[in-house]
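Student:
Protein chains: 2
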Amino acid sequence: MTQANSAPAKRNTPQKAAVKHALGEATGFVSAQQLHQTLKKHGSTIGLATVYRTLADLAQAGEADSLQSKDAEVLYRACTTSHHHHLICRKCGLTLEIEAQNLEKWADQVATEHGFSQPSHNIDIFGVCAGCR
Amino acid sequence: MTQANSAPAKRNTPQKAAVKHALGEATGFVSAQQLHQTLKKHGSTIGLATVYRTLADLAQAGEADSLQSKDAEVLYRACTTSHHHHLICRKCGLTLEIEAQNLEKWADQVATEHGFSQPSHNIDIFGVCAGCR
DNA sequence: CTCTTATTGACAAAGATTCTCAATAAGACA
DNA sequence: TGTCTTATTGAGAATCTTTGTCAATAAGAG
Numbered sequence: 001m002t003q004a005n006s007a008p009a010k011r012n013t014p015q016k017a018a019v020k021h022a023l024g025e026a027t028g029f030v031s032a033q034q035l036h037q038t039l040k041k042h043g044s045t046i047g048l049a050t051v052y053r054t055l056a057d058l059a060q061a062g063e064a065d066s067l068q069s070k071d072a073e074v075l076y077r078a079c080t081t082s083h084h085h086h087l088i089c090r091k092c093g094l095t096l097e098i099e100a101q102n103l104e105k106w107a108d109q110v111a112t113e114h115g116f117s118q119p120s121h122n123i124d125i126f127g128v129c130a131g132c133r
Numbered sequence: 134m135t136q137a138n139s140a141p142a143k144r145n146t147p148q149k150a151a152v153k154h155a156l157g158e159a160t161g162f163v164s165a166q167q168l169h170q171t172l173k174k175h176g177s178t179i180g181l182a183t184v185y186r187t188l189a190d191l192a193q194a195g196e197a198d199s200l201q202s203k204d205a206e207v208l209y210r211a212c213t214t215s216h217h218h219h220l221i222c223r224k225c226g227l228t229l230e231i232e233a234q235n236l237e238k239w240a241d242q243v244a245t246e247h248g249f250s251q252p253s254h255n256i257d258i259f260g261v262c263a264g265c266r
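If you read the sequences in order, they're chains P and B. If you count the first sequence from 1, position 6 lands on 6 in the working numbering, and the numbers rise without skipping. Count along the second sequence from 1, then add 133; that gives the number in the working numbering.
This is the structure in structure tokens:
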């Protein structure tokens, strides 16, 4: 039997593994550019485009969270696959995962009340962590 | 008495008024590029840089909300100056303002509990509105 | 009306992200 | 294991958004 109709088969490559690993090592959110620099510093010859492609795949697969920074760049972070939100330090980027069952319900409810279907939401809390004061 | 020390005096110009007005006319979130197109279509000779500058000013003054789209561009929308959040249609961009006193408290509390000061947050709900189904 | 200087518009410049395409190598199968 | 198909890669070009530069303009004060 052939593939459904359009999605091509994925392949495992050392480059993907390297990006995944580097993302896991990072303490907070990092940009594709930063990740590329880090990888090259460690001797990798990976291409920038590959980093972008891999991060986009990871985000789509739910293995990474993405976030838009103030400078119009996208930041990524490895995460658990379960739904959660973030508490992020504005200075050092330290990130904590937050769970909020009530919020999920509230958000879906607000959407439904106003006739919106397929609800989703973005919730991020920012602040300055204890260590940065 | 002279101005405090650094902030220069603001001046009222037809260009700023035009951007403000165009932003008010828009139904949902729009990008600086879109707004510039719209203005030119209506005969204005306003420059793109001026649109960017004016929108940034409005956002800082709390007269407009900004939002990062998926395509790494910033979207703006005229809004009330009081704090609020948005319920946005993924298809047509229709936007409703949402108030949630409890949320504000919750967000600040979560930040404080984890030792974060100067809390702020981004909360947006997305969905598909009744008209788009 | 005059004078100071904030603002403007056209263009260049900076960044981030995506696209293109020939070369490479993962995975399937004999 | 060797061969074959084609997903993936890397380098650079191309695109797009946003910011900076700077001479010319015009808002607001006196």
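Note that beta-carbon positions come from the ideal geometry of N, C-alpha and C, so glycine has one too.
1. Along the chain, where does the alpha helix (DSSP H) containing GLU63/P start, and where does it finish?
2. Residues of chain P with CB under 8 angstroms from GLN193/B, in chain order?
3. On the criterion of 16 or more Cβ atoms from any shown chain inside 10 Å, does ASP71/P qualify as buried, or is it exposed?
4. Please name the residue or residues paired with VAL207/B in a DSSP beta bridge.
5. Starting from CYS262/B, find everything on chain P with Cβ-Cβ shorter than 9 angstroms and list it in chain order.
6. Is any beta-carbon of chain P found at less than 8 angstroms from that of GLN201/B?
7. With H, G and I counted as helix, E and B as strand and the rest as coil, what does DSSP make of GLU232/B?
8. Quick one: which chain B residues come within Cβ less than 7 angstroms of VAL74/P?
9. Quick check: ILE125/P and LEU87/P, are their CB atoms within less than 8 angstroms of each other?
10. Quick check on ASP257/B - is its C-beta less than 8 angstroms from some C-beta in chain P?
11. Please list the terminal residues of the continuous alpha helix (DSSP H) segment that includes PRO340/B.
12. Output, in chain order, the set of chain B residues within a Cβ distance shorter than 7 angstroms of VAL110/P.
13. Please list, in chain order, all residues of the same chain as GLY248/B whose beta carbon is under 7 angstroms from its beta carbon, the five residues on each side excluded.
14. Three-state secondary structure (DSSP) at GLY131/P?
15. Does DSSP put HIS86/P in a helix, in a strand, or in coil?
16. At which residues does the alpha helix (DSSP H) containing LEU39/P begin and terminate?
17. Can you pull the DSSP bridge partners for LEU94/P?
18. Measure the C-alpha to C-alpha separation of VAL163/B and LEU58/P and round it to an integer number of angstroms.
19. Between the Cα of ALA244/B and those of GLN15/P, ASP65/P and CYS129/P, spot the shortest distance and give me the residue it belongs to.
20. Label ALA9/P either buried or exposed according to how many other C-beta atoms from any shown protein chain fall within 10 Å of its C-beta, with 16 as the threshold for buried.
21. Does ALA165/B come within less than 8 angstroms of chain P when only Cβ atoms are used?
22. Assuming THR178/B contacts LYS149/B under a Cβ cut-off of 8 angstroms, what Cβ separation, rounded to an integer in Å, is found between them?
23. ALA107/P CB to nearest chain B CB: under 8 angstroms?
Tutor: Per the coordinate set shown:
1. Careful: GLU63/P lies outside any alpha helix (DSSP H) and carries neither H nor E.
2. Neighbours of GLN193/B across chain P, judged by C-beta separation under 8 angstroms, do not exist; the nearest C-beta is about 12 angstroms away.
3. exposed
4. Within the DSSP secondary-structure output, VAL207/B pairs in a beta bridge with GLN201/B.
5. HIS114, GLY115, PHE116 and SER117
6. yes
7. Coil, per DSSP.
8. The answer, in chain order, is ALA205.
9. yes
10. yes
11. Outside the shown range of chain B (134 to 266) lies residue 340/B, about which nothing can therefore be said.
12. LEU220, ILE231 and ILE258
13. The beta carbon of GLY248/B sits closer than 7 angstroms to no other beta carbon from its chain once the five residues preceding and following it are set aside.
14. helix
15. Note: HIS86/P maps to strand in three-state DSSP.
16. Element bounds for LEU39/P: 32–41.
17. GLY28/P, per the DSSP bridge assignment.
18. Taking the straight line from one Cα to the other gives about 29 angstroms.
19. CYS129/P
20. exposed
21. no
22. At roughly 15 angstroms, the Cβ-Cβ gap does not stay under 8 angstroms, so THR178/B and LYS149/B are not in contact.
23. The beta-carbon of ALA107/P is placed less than 8 angstroms from the nearest beta-carbon of chain B.
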